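S.K.: The structure follows.
What follows is the structure in structure tokens.
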């Protein structure tokens with residue numbers, strides 16, 4: 128057996144760690160530690176092997192759970208698609224109308240409902256009422272009066288959106304009237 132005692136620590140027992148390892152206590156401690164480490168490694172290896180043997184079962188469980196989740200998501204998506212298709216095929220639900228609204232919403236950056244809420248106007252869209260509410264809100268949000276440029280821009284966009292809707296309604300009414308008279312308006 129090799130000793131780890133340095134020449135300066137031979138006369139002083141337990142002065143440093145090297146001295147402890149040469150005593151019987153140190154050797155017994157080392158044997159105890161090594162025995163339990165080896166035993167623990169064997170236990171870990173046994174547990175690993177037993178888990179490794181159960182691996183096909185775990186993989187099968189993962190596949191079953193994943194397929195259930197995927198199946199639910201697929202069935203929900205199919206149901207939503209079928210209901211959307213049924214709604215689109217009903218008379219009175221014109222896709223051209225919704226397409227025109229979507230284009231107008233994109234062009235002006237907000238929906239008609241949002242514009243009506245910002246300016247607090249009714250559904251009939253009276254031009255005088257829109258102008259009155261616009262002037263009031265625009266002046267209240269003036270930056271010189273401590274207002275917000277962001278809110279001012281929202282008010283402007285709301286007015287533009289409502290004016291575009293009034294123009295669209297006017298064109299539709301003119302087309303209806305022209306169709307009933309027999310003339311054509313583009």
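Residue numbers (the working numbering): 128 to 313. Quick reminder that beta carbons are idealized off the backbone N, C-alpha and C, glycines included. The structure displayed is predicted, hence computed values, not measured ones.
(1) Taking the straight line between their C-alpha atoms, what separation do you get for residue 247 and residue 260?
(2) Output needed for residue 272: all residues of its chain with C-beta closer than 6 Å, excluding positions within five of it in sequence on either side, in chain order.
(3) According to DSSP, is residue 248 part of a helix, a strand, or is it coil?
(4) Run through DSSP, which three-state label would residue 268 get?
(5) Please look up how many angstroms separate the CB atoms of residue 245 and residue 282, rounded, as I've assumed it's under 8 Å.
(6) With 16 other CB atoms within 10 Å as the buried threshold, where does residue 235 fall?
(7) Among the residues of its own chain, which have a CB less than 7 Å from the CB of residue 232, if the five just before and after it don't count?
(8) Does DSSP put residue 300 in a helix, in a strand, or in coil?
(9) Given a threshold of 16 other Cβ atoms within 10 Å of its Cβ, counted over all protein chains shown, does residue 299 qualify as buried or as exposed?
(10) Using 10 angstroms around the beta-carbon of residue 302, count the other beta-carbons present and answer buried if the total reaches 16, otherwise exposed.
M.R.: With the given structure in hand:
(1) 8 Å
(2) For residue 272, there are no CB contacts under 6 Å within the same chain when 5 residues up- and downstream are skipped.
(3) coil
(4) coil
(5) 6 Å
(6) buried
(7) Cβ neighbours of residue 232 within its own chain (closer than 7 Å, five residues either side excluded): 238.
(8) helix
(9) exposed
(10) exposed
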